[in-house]
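By my numbering, the letter at position 70 of the sequence shown is numbered 73, and the numbering carries on one by one without gaps.
Data first, discussion second: the structure below is written as structure tokens.
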Amino acid sequence: MKLKIVEFLLEKFLGTTKLSEREGDMFLPERMLSIALTFLLLGIGCGIALFFVQNYYLIVFCPSGLVMGVISILCWKNQRIEVLSDEVFRYTTFLGKSYEYRFSDITMLRRNRDSMTLFLGENKVHIESMAILSDRLVDLINKALAEKYPTE
């Protein structure tokens with residue numbers, strides 16, 4: 004019952020269908036949406052409190068919460084990887100811009116403290132630590148790295 008309200012709001016305001024119909028071989032989970040909504044509520048709450056309490060901290064927290072909330076929603080909605088074939092995948096940034104890359108272009112995978120970076124020549128693909136990756140994508144990345152750097 005509660006999820007139907009969330010799904011309705013997502014469809015009306017974000018142009019997204021039901022939560023269970025998310026597609027892609029890498030996408031951000033609903034937890035990212037809850038983080039985004041928390042930031043938005045924080046920003047709105049600080050904006051409302053600013054009318055009642057004259058505090059300089061609220062002037063900073065209000066726009067910061069709103070900006071972080073909007074960025075988080077964009078990440079949740081747009082950032083994904085779709086495997087088009089065993090040789091090619093499409094990476095979509097959080098701003099919605101898509102790029103197609105070949106798995107054979109993968110040169111390195113770096114694990115950062117809070118994410119991973121996939122290097123493809125001079126280009127980079129950012130993968131958040133909370134992202135959900137399909138087994139197919141993981142296998143194709145591992146295969147591409149194994150072909151570049153065979154173990155003896």
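In this text, a Cβ means the ideal position worked out from N, Cα and C, and glycines have one as well.
Within 10 angstroms of its Cβ, does K100 collect 16 or more other Cβ (buried), or is it exposed? exposed
Apply the 10 Å Cβ neighbour rule to M35 and answer buried if 16 or more other Cβ atoms are within range, or exposed otherwise. buried
Specify, as a first and last residue, the run of the alpha helix (DSSP H) that K151 falls within. D138 to K151
Taking M119 as part of the beta strand (DSSP E), name the residues at either end of that continuous run. S118 to L123
With distances taken Cα to Cα, identify the nearest neighbour of Y104 among V91, I74, L77 and L148. V91
Local Cβ density within 10 Å of V141, reported as buried at 16 or more and exposed below that: exposed
Would you say the beta carbon of I144 is closer than 8 Å to some non-hydrogen atom of the ligand FAD? Ligands in the displayed structure: none, and consequently the ligand FAD is not present.
Mind checking whether R83 and L31 have CB atoms under 9 Å apart? yes
Quick one: Cα of S75 to Cα of E26, how far? 18 Å
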